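For the sequence shown, the working numbering begins at 57 and goes up steadily by one.
Cβ atoms here follow ideal geometry from the backbone N, Cα and C, with glycine treated the same way.
Predicted model only: the values in this text are computed from it and were never measured.
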Amino acid sequence: MEPTPEQLRWLYLKGRELTADFKCLIRLIDIFPNGNLYIVIQPRQFADQRIILYIDPNGGKRYV
């Protein structure tokens, strides 16, 4: 399943924000069959921690 143009736009903007402002590395980007994107983020200061960000097809976001 392909991401929607809105998901790609949001992903680009969020990726720039996370890598620049919060000094995070993006480790993985994938899409579930139901259309949800997920991103695994690693803060540079805390190499052993990960944040998972889910984005639904409507643009809703949830951090885990």
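Compute the Euclidean distance between the alpha carbons of residue 113 and residue 74, then round it to the nearest angstrom.
By one-based count along the sequence shown, residue 113 stands at place 57. By one-based count along the sequence shown, residue 74 stands at place 18. Their backbone Cα atoms lie some 20 Å apart in a straight line.
What is the DSSP secondary structure of residue 79, reduced to helix, strand or coil?
As a working note, residue 79 is residue 23 in the sequence shown. Under the three-state reduction of DSSP output, residue 79 falls in the coil class, being neither helix nor strand.
Identify which residue in 65, 69, 110 and 67 has its Cα closest to the Cα of residue 90.
Here residue 90 refers to the residue found at position 34 when the sequence shown is read from its first residue. Minimum Cα distance to residue 90 is reached at 110.
Spatial neighbours of residue 117 in its chain, beta-carbon cut-off 6 Å, leaving aside the 5 residues before and after:
Walking along the sequence shown from the start, residue 117 turns up at place 61. So the qualifying residues of the chain are 111.
I'd like to know whether the C-beta atoms of residue 81 and residue 87 end up nearer to each other than 8 Å.
Position 25 of the sequence shown, counting from 1, holds the residue named residue 81. Position 31 of the sequence shown, counting from 1, holds the residue named residue 87. Contact: no.
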